[in-house]
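Data block below; observations after.
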Amino acid sequence: MKKVLILIMLLCGINAVAQENAASLPELQEWYSWKGSIFNTGGRVSYLPGFDSLGGGLNAITQHRSSKDPVWYNRFPFDTMAQFRWKSGGAYAVFQLDANGDGIPDYFDNKGRVYQGIKGQKPQSEPAIILSRGGTLKPLIGDLNNDGYDDILAYNDRDYFDVILGNKDISAMTRVTIAYPMKESIYVGGYFSEQGKPRIILFNDWGSFESFTIYAVTITYTGNQPSVALEQLDSIEKSKRSSDEKIYDYLSTFFIYDESSKITILVANRDDIIASEIWKIENDKFVGSKKTKKFGSSVESVLSSSITGVGIQTLIHPTLINNAYHFGVFSSDIWNDTTLYAYVKYQDKYKWEVNFSSIGDVNNDGINDVAAGYEGGIDIYLGIDILNKAPFESVGSFFKIHQNIPNPIQKDRKTLLPVSLKQQGNYSIVLYSLQGSRIKDLFNGELSEGEHNIPLDLMDLSAGMYIVKMSTGSVSRERAIMIGE
Numbered sequence: 001m002k003k004v005l006i007l008i009m010l011l012c013g014i015n016a017v018a019q020e021n022a023a024s025l026p027e028l029q030e031w032y033s034w035k036g037s038i039f040n041t042g043g044r045v046s047y048l049p050g051f052d053s054l055g056g057g058l059n060a061i062t063q064h065r066s067s068k069d070p071v072w073y074n075r076f077p078f079d080t081m082a083q084f085r086w087k088s089g090g091a092y093a094v095f096q097l098d099a100n101g102d103g104i105p106d107y108f109d110n111k112g113r114v115y116q117g118i119k120g121q122k123p124q125s126e127p128a129i130i131l132s133r134g135g136t137l138k139p140l141i142g143d144l145n146n147d148g149y150d151d152i153l154a155y156n157d158r159d160y161f162d163v164i165l166g167n168k169d170i171s172a173m174t175r176v177t178i179a180y181p182m183k184e185s186i187y188v189g190g191y192f193s194e195q196g197k198p199r200i201i202l203f204n205d206w207g208s209f210e211s212f213t214i215y216a217v218t219i220t221y222t223g224n225q226p227s228v229a230l231e232q233l234d235s236i237e238k239s240k241r242s243s244d245e246k247i248y249d250y251l252s253t254f255f256i257y258d259e260s261s262k263i264t265i266l267v268a269n270r271d272d273i274i275a276s277e278i279w280k281i282e283n284d285k286f287v288g289s290k291k292t293k294k295f296g297s298s299v300e301s302v303l304s305s306s307i308t309g310v311g312i313q314t315l316i317h318p319t320l321i322n323n324a325y326h327f328g329v330f331s332s333d334i335w336n337d338t339t340l341y342a343y344v345k346y347q348d349k350y351k352w353e354v355n356f357s358s359i360g361d362v363n364n365d366g367i368n369d370v371a372a373g374y375e376g377g378i379d380i381y382l383g384i385d386i387l388n389k390a391p392f393e394s395v396g397s398f399f400k401i402h403q404n405i406p407n408p409i410q411k412d413r414k415t416l417l418p419v420s421l422k423q424q425g426n427y428s429i430v431l432y433s434l435q436g437s438r439i440k441d442l443f444n445g446e447l448s449e450g451e452h453n454i455p456l457d458l459m460d461l462s463a464g465m466y467i468v469k470m471s472t473g474s475v476s477r478e479r480a481i482m483i484g485e
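Residue 1 is where the sequence shown starts when you use this note's numbering, and the numbers rise one by one after that.
Right, here's the structure in full:
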């Protein structure tokens with residue numbers, strides 16, 4: 001069982017961290033951009049590995065709340081030619097699990113619909129069962145009752161949460177609704193202990209003090225009828241100066257897996273919003289705490305894997321660099337390391353309503369990458385091996401390749417490639433396959449400083465995804481482009 005770190009982010013408005021010497025930090029490279037989602041808030045991105053084995057697909061990504069927004073699955077990493085839609089419309093968050101223990105991924109959305117995976121095919125497009133009245137975000141997925149099937153523990157409402165139990169017959173899955181032990185509790189999240197036991201953490205404002213409490217979740221059966229009990233294990237409390245004071249303001253929960261046996265909770269303090277309070281949990285007990293002023297109070301996303309080569313996972317949150325907002329990229333080991341390693345340049349299109357998600361290695365360079373979902377589309381950024389890529393050369397400050405227009409490229413096989421140059425010089429643009437084979441030279445010549453739309457002729461090329469690489473000879477930048485059918 002992997003060890004778990006839990007971050008509870010409690011926010012009093014948007015906060016940021018000032019970072020010195022930001023010019024030496026690398027900017028994550030935007031690799032692909034898709035516009036056209038009708039998603040109207042938040043930008044949730046779901047990453048679904050192993051989506052379509054029949055078509056040779058490796059993964060899928062979805063950002064949708066309506067049947068008009070697709071799930072993209074791929075013959076190779078992020079070939080968006082292949083699309084799939086849940087006939088029931090789906091929801092904007094889709095989670096992967098093995099609900100019937102057959103080794104094939106099944107899918108659960110935040111409306112409580114379970115779609116069964118089928119060997120050698122795409123999953124069923126209609127739900128096998130619907131198990132929730134409302135939203136079920138922040139699920140804890142795993143074998144909660146040790147019967148060999150993945151289960152789901154998920155927030156559903158202010159007064160209760162759900163335990164949804166897997167079954168060999170997915171249509172026979174059951175849901176147990178559990179009321180919180182105290183009214184006005186706020187569900188913070190669930191995790192597995194060092195011994196693999198399910199736990200939840202609840203937050204309460206008691207008027208004179210605020211608290212976080214760890215509960216054990218125990219599932220028992222009377223015949224075939226399951227029931228769920230909660231047992232309080234430990235609590236932390238902080239006194240208030242008055243009943244109107246707010247020490248903490250709950251935002252979200254993030255789960256970070258670490259090689260250590262420590263579980264950490266990170267909390268932003270309203271009285272000193274630049275500082276963050278961090279609690280360690282060992283064996284379901286709060287055993288230590290400290291404050292740090294180097295780490296901001298608003299974490300935007302915690303990725304399920306590292307995109308920097310540092311730590312097991314990566315944190316991303318709003319960060320102030322040279323008096324402008326960016327998304328900072330941090331290691332997940334916030335107890336020992338609050339270093340800002342890289343950044344994603346802030347763009348007005350995000351408006352802070354953006355969700356970052358790990359999406360695996362899309363360009364086959366051995367480093368995991370990240371998608372940013374926002375209102376209207378998805379951007380894909382390449383991860384960077386911080387430890388082995390030296391010296392840091394901020395390629396983004398030198399020149400940038402923007403997404404080609406149109407995207408995807410139409411039948412005439414003509415497109416414009418916008419580029420931003422901060423220095424006059426000789427530039428080359430070469431087309432490659434996703435496998436790295438050089439296909440053809442597209443441009444080689446002198447370009448002045450400023451903005452350019454470079455015409456590209458891609459006649460005689462078949463539909464699919466390709467890579468354009470722009471280079472000065474010493475510095476290169478690449479981007480994926482798509483040719484439509």
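Yeah, the Cβ is synthetic: ideal placement off N, Cα and C, and Gly gets one too.
Closest to residue i by CA distance: which of the options is it?
i: I278; options: S332, G450, F192; result: S332
i: W31; options: K440, I380, A463; result: I380
i: Q410; options: D169, M459, G189, N426; result: M459
i: L493; options: H452, K469, E449, S448; result: This structure cannot settle anything about residue 493, because the visible part of the chain is limited to 1 through 485.
i: I186; options: F161, K168, R175; result: F161
i: L144; options: S171, A342, A216, Q96; result: A216
i: F84; options: D98, S306, I104, N59; result: N59
i: I247; options: F209, N283, A229, V228; result: F209
i: N224; options: D244, G189, D147, S476; result: D147
i: S33; options: Y432, Y374, G360; result: Y374
i: Y47; options: V370, V310, R158; result: V370
i: V188; options: I214, L165, K168; result: I214
i: R199; options: K183, N167, Q232, K280; result: Q232
Using a 10 Å radius around the Cβ and a threshold of 16 neighbouring Cβ atoms, would you call residue i buried or exposed?
i: V287; result: exposed
i: T319; result: buried
i: R241; result: exposed
i: F192; result: buried
i: Q96; result: buried
i: M465; result: buried
i: A172; result: exposed
i: N322; result: exposed
Could you tell me the alpha carbon to alpha carbon distance between residue i and residue j, rounded to whole angstroms?
i: N368; j: S304; result: 10 Å
i: R113; j: P226; result: 20 Å
i: S394; j: L153; result: Its pLDDT being 49, under 50, S394 is placed unreliably in this model, and the coordinates cannot settle the point.
i: I130; j: K111; result: 8 Å
i: N355; j: Q124; result: 27 Å
i: R270; j: S357; result: At R270 the pLDDT is 49, less than 50, meaning the model places this residue with poor confidence; the figure from the coordinates comes in the next sentence. Cα-Cα distance, rounded: 27 Å.
i: V94; j: I61; result: 9 Å
i: G445; j: I467; result: 19 Å
i: Y107; j: Y115; result: 5 Å
i: V163; j: N204; result: 21 Å
i: S211; j: I219; result: 25 Å
i: I273; j: Y343; result: Because I273 sits at a pLDDT of 47, beneath the cut-off of 50, its placement in the model cannot be relied upon, and the point is left open.
i: Y73; j: Y180; result: 39 Å
i: Y155; j: L140; result: 9 Å
i: R175; j: F399; result: 53 Å
i: I201; j: I378; result: 32 Å
i: G89; j: Q63; result: 12 Å
i: N407; j: L417; result: 10 Å
Among all the DSSP beta bridges, which residues are the ones paired with residue i?
i: K238; result: E210
i: P226; result: Y221
i: H326; result: T319, K345
For a test of the three-state rule: what should DSSP assign to residue i, helix, strand or coil?
i: A99; result: coil
i: I170; result: helix
i: F51; result: coil
i: S357; result: strand
i: S332; result: coil
i: S24; result: helix
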